[in-house]
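Numbering (the working numbering), first residue to last: 1 to 491. All C-beta atoms in this analysis are idealised placements derived from N, C-alpha and C, irrespective of residue type, glycine included. In this text, all values refer to a predicted model and were calculated from it rather than measured experimentally. Below is one structure, written out as structure tokens; the observations come after it.
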Amino acid sequence: MSLQEPVADRRFAVDRKRLIDRLREVLPASALLGEEEERRPYDCDGLTAYRQLPLVVVLPENETQAQAILKICHELKAPVVARGAATGLSGGATPHPDGVLLSLAKLKNIVHVDPVSRTAVVQPGVRNLAVSEAAAAYGLYYAPDPSSQIACTIGGNVAENAGGVHCLKYGLTVHNVMRVRGLTIEGEVVEFGNAALDAAGYDLLALLNGSEGLLAVITEVTVKLTPKPQLAQVVIASFDDVRRAGDAVASIIAAGIIPAGLEMMDKKAIHAVEPYVNAGYDMAAEAILLCESDGTPEEVAEEIGRMKSVLEMSGAAGIRVSRDEAERLKFWAGRKAAFPAVGRMTPDYLCMDGTIPRKRLAEMLDAVAGLSEKYGLRCANVFHAGDGNLHPLIMYDANQPGELDRAVAFGAEILELSVRFGGTITGEHGVGIEKITLMAEQFSEAEIGAFHRLKAAFDEYGLLNPGKGVPTLARCREYTQARAGVASTPR
Numbered sequence: 001m002s003l004q005e006p007v008a009d010r011r012f013a014v015d016r017k018r019l020i021d022r023l024r025e026v027l028p029a030s031a032l033l034g035e036e037e038e039r040r041p042y043d044c045d046g047l048t049a050y051r052q053l054p055l056v057v058v059l060p061e062n063e064t065q066a067q068a069i070l071k072i073c074h075e076l077k078a079p080v081v082a083r084g085a086a087t088g089l090s091g092g093a094t095p096h097p098d099g100v101l102l103s104l105a106k107l108k109n110i111v112h113v114d115p116v117s118r119t120a121v122v123q124p125g126v127r128n129l130a131v132s133e134a135a136a137a138y139g140l141y142y143a144p145d146p147s148s149q150i151a152c153t154i155g156g157n158v159a160e161n162a163g164g165v166h167c168l169k170y171g172l173t174v175h176n177v178m179r180v181r182g183l184t185i186e187g188e189v190v191e192f193g194n195a196a197l198d199a200a201g202y203d204l205l206a207l208l209n210g211s212e213g214l215l216a217v218i219t220e221v222t223v224k225l226t227p228k229p230q231l232a233q234v235v236i237a238s239f240d241d242v243r244r245a246g247d248a249v250a251s252i253i254a255a256g257i258i259p260a261g262l263e264m265m266d267k268k269a270i271h272a273v274e275p276y277v278n279a280g281y282d283m284a285a286e287a288i289l290l291c292e293s294d295g296t297p298e299e300v301a302e303e304i305g306r307m308k309s310v311l312e313m314s315g316a317a318g319i320r321v322s323r324d325e326a327e328r329l330k331f332w333a334g335r336k337a338a339f340p341a342v343g344r345m346t347p348d349y350l351c352m353d354g355t356i357p358r359k360r361l362a363e364m365l366d367a368v369a370g371l372s373e374k375y376g377l378r379c380a381n382v383f384h385a386g387d388g389n390l391h392p393l394i395m396y397d398a399n400q401p402g403e404l405d406r407a408v409a410f411g412a413e414i415l416e417l418s419v420r421f422g423g424t425i426t427g428e429h430g431v432g433i434e435k436i437t438l439m440a441e442q443f444s445e446a447e448i449g450a451f452h453r454l455k456a457a458f459d460e461y462g463l464l465n466p467g468k469g470v471p472t473l474a475r476c477r478e479y480t481q482a483r484a485g486v487a488s489t490p491r
């Protein structure tokens with residue numbers, strides 16, 4: 001099955017001139033980009049295989065301007081796609097051809113850091129890493145750490161419910177956000193969550209996390225801050241067999257150990273990263289695991305000892321422990337540089353994002369190797385192994401006829417397998433346009449219908465980020481029929 005789909009399922013009859021004229025009434029000239037060369041840098045997000053020019057790009061300087069923009073778009077029935085740093089990998093910030101691209105890049109103030117309550121109030125354009133930098137003076141940091149944390153923004157993190165290498169112990173974005181302020185498509189100010197640990201009524205804060213810009217435009221976020229541990233150390237374990245590495249992950253969790261981070265890289269990923277970062281990885285290994293422990297020195301020593309015992313019993317060919325903070329950071333620098341490192345090896349790649357039960361990691365690795373042969377494309381595997389979140393990097397050359405189509409089909413099979421193995425089609429990158437058809441692999445038509453009713457409760461006319469996240473029922477039926485046809489075809 002193919003992942004490749006049009007950006008929008010429906011077109012909107014928007015008078016571009018009238019829309020721009022109305023927007024000029026509420027925005028300074030510098031905040032409105034209408035010429036093609038001005039709009040071109042906004043034609044995609046991190047999923048660069050899909051590009052589309054918006055009718056116009058707007059860059060509000062504050063919430064009041066964003067509110068005025070949304071009121072105009074609602075009145076004129078113009079679609080709106082909110083965008084942060086556009087580091088997303090599922091096409092969630094791909095513009096709509098009939099609509100407004102609403103960039104929140106100028107809303108980048110850290111409003112307040114409260115070391116007593118261990119919270120920070122930030123605008124959506126604040127970079128993930130900047131929150132930890134601002135909190136460092138108080139011995140605090142923001143735990144979710146996507147590989148793109150030097151560039152990705154908090155608003156985008158909430159929209160995609162981003163994770164990172166330390167999400168196994170400290171949770172995803174949803175576990176580290178207390179309050180979100182936003183705007184509905186009508187321009188109404190809404191707030192989800194509060195400073196308390198719980199709130200009456202439905203958990204709308206959790207609903208907004210991972211909603212991919214379909215329900216509201218985020219204008220302010222209150223995040224939790226975590227005390228920096230006294231000590232952190234990383235164990236690197238090398239394996240001469242990928243299956244053993246996958247099985248070792250399940251064994252660590254089964255032993256009752258919850259590492260601060262538990263990551264896996266296969267040989268192709270290692271060979272991409274090591275020349276790029278010089279992290280000190282074992283180039284002879286078929287796979288490596290990075291297992292981090294943090295806490296007091298006594299806690300770390302005890303947990304490191306337990307992890308080493310499990311890794312030895314799992315058949316690790318070599319085990320090393322970081323000797324100091326500089327070496328620990330170097331080990332993690334290699335993992336966090338995996339995506340750009342693979343980018344040096346290939347003109348293009350797709351980064352997939354399925355999630356499976358940990359006990360089936362080894363099985364999935366074998367399956368991915370078989371699919372690599374089937375489609376004739378290289379694939380480097382990088383996993384948030386502790387929570388079963390897969391990031392196979394499928395390498396291709398868009399200039400070679402048919403390679404993009406093969407890469408897309410390769411990725412779709414991985415996601416279909418993820419569901420059949422008891423997992424899901426996304427762990428942290430979102431659905432966007434990349435996986436929208438595959439939603440029908442995971443959810444029934446009745447469930448998709450419920451998603452549509454929920455969307456309509458927030459956005460009656462479907463103006464916020466249309467064509468993303470949730471497929472039309474017609475597309476679901478097409479997918480189901482195509483799957484049935486594939487299943488009935490003799491092989």
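* Asked: Roughly how many angstroms separate the alpha carbons of alanine 250 and alanine 287, rounded to a whole number?
  -> Straight-line spacing of the CA atoms in alanine 250 and alanine 287 works out to 15 Å.
* First through last residue of the beta strand (DSSP E) which encompasses tyrosine 375 -> First-last for tyrosine 375: 361 to 375, but that is the alpha helix (DSSP H), not the beta strand (DSSP E).
* **Top-ranked residue by Cα proximity to serine 117, from Asn109, Gln123, Glu133, Tyr141** => Tyr141
* Asked: Do the segment 156 to 164 and the segment 427 to 447 meet, that is, are 3 or more Cβ pairs less than 8 Å apart?
  -> yes
* Rounded to whole angstroms, what's the CA-CA distance from isoleucine 319 to valine 235? Just pull it up for me. => 7 Å
* Asked: Leaving out the 5 sequence neighbours to the left and right, which residues in its chain are closer than 8 Å to methionine 313 when beta-carbon positions are compared?
  -> Ser251
* Asked: Residues in its own chain within less than 6 Å of proline 401 by CB, not counting five upstream and five downstream?
  -> none
* Asked: Given that a residue counts as buried once 16 or more other Cβ atoms are within 10 Å of its Cβ, and exposed if not, what is leucine 197?
  -> exposed
* Rounded to a whole number of angstroms, what is the C-alpha to C-alpha distance between arginine 323 and glycine 84? -> 38 Å
* On the three-state DSSP scale, how would you describe serine 2? -> Summary for serine 2: the model assigns pLDDT 42, below 50, so the residue's position carries little reliability; its value from the coordinates is reported in the next sentence. Correct three-state label for serine 2: coil.
* Among Ala272, Asp366, Met345, Phe421, the one whose alpha carbon lies nearest that of aspartate 397 -> Met345
* **Option in Ala407, Ala285, Ser238 with minimal Cα separation from lysine 308** => That would be Ser238, whose Cα lies nearest to the Cα of lysine 308.
* Consult DSSP for glutamate 186 and reduce its assignment to one of helix, strand or coil. => coil
* Less than 8 Å between the CB atoms is what I'm expecting for valine 100 and alanine 78, so what's the real figure, rounded? => 6 Å
* Over what stretch of residues does the beta strand (DSSP E) that includes proline 392 continue unbroken? -> 389 to 396 is the extent of the beta strand (DSSP E) around proline 392.
* Asked: Would you report the Cα separation of valine 342 and threonine 94, rounded to the nearest angstrom?
  -> 23 Å
* Asked: Counting Cβ pairs closer than 8 Å, one from the segment 470 to 481 and one from the segment 225 to 235, do we hit at least three?
  -> Segments in contact, no.
* When we look at the beta-carbon of asparagine 465 and count the other beta-carbons within 10 Å, is it buried (16 or more) or exposed? -> buried
* To do: Could you name the residues of the same chain whose beta carbon sits closer than 7 Å to that of proline 471, not counting the 5 residues immediately before and after it, in chain order?
  => Ile436, Thr437, Met439, Ala440, Ile448
* Please state if the CB of aspartate 366 and the CB of arginine 243 are separated by a distance shorter than 8 Å. => yes
* Specify whether the segment 405 to 414 and the segment 373 to 384 touch according to this definition: at least 3 beta carbon pairs, one from each stretch, less than 8 Å apart. => They touch, by the three-pair rule.
* Integer-rounded CB distance, given that glycine 280 should sit under 8 Å from lysine 330 -> 6 Å
* Within the segment 31 to 81, note down every full beta strand (DSSP E) run reaching 3 residues or more, in order along the chain. => The DSSP assignment places complete beta strand (DSSP E) segments of no fewer than 3 residues inside the segment 31 to 81 at 56 to 58, in order along the chain.
* For glycine 91 and glycine 213, believed in contact at Cβ under 8 Å, the rounded distance -> At roughly 12 Å, the Cβ-Cβ gap does not stay under 8 Å, so glycine 213 and glycine 91 are not in contact.
* To do: Taking only runs that begin and end inside the segment 284 to 370, name each unbroken beta strand (DSSP E) of 3 or more residues, in chain order.
  => As far as the segment 284 to 370 is concerned, its whole beta strand (DSSP E) runs of at least 3 residues are 287 to 295, 318 to 321, 348 to 351.
* Asked: If we count Cβ pairs, one from each stretch, closer than 8 Å, do we get three or more for the segment 19 to 34 versus the segment 66 to 78?
  -> Enough Cβ pairs lie closer than 8 Å, so yes.
* Give the secondary structure of phenylalanine 239 by DSSP, where H, G and I count as helix, E and B as strand, and everything else as coil. => DSSP places phenylalanine 239 in strand when its eight states are reduced to three.
* To do: Compute the beta-carbon to beta-carbon distance between threonine 219 and alanine 446, rounded to the nearest angstrom, for a pair I have assumed lies under 8 Å.
  => Contact doesn't hold; Cβ gap of about 34 Å is too wide.
* Kindly indicate which three-state DSSP category asparagine 157 falls into: helix, strand or coil? => helix
* **Beta bridge counterpart(s) of valine 223 as assigned by DSSP** => Ala120, Val177
* Asked: DSSP on serine 103, reduced to helix/strand/coil?
  -> strand
* Contacts around asparagine 194, its chain only, beta-carbon distance under 6 Å, and the 5 residues preceding and following it disregarded -> Arg179
* Asked: Can you give the beta carbon distance from leucine 415 to isoleucine 425, rounded, assuming they're within the 8 Å contact cut?
  -> Taking C-beta atoms under 8 Å as the contact rule, leucine 415 and isoleucine 425 qualify, at a distance of about 5 Å.
* Cβ pair leucine 208, alanine 216 closer than 8 Å -> yes
* On the three-state DSSP scale, how would you describe isoleucine 425? -> The DSSP-derived three-state label of isoleucine 425 is coil.
* To do: Could you tell me which residues DSSP pairs with arginine 127 in its beta bridges?
  => Thr153
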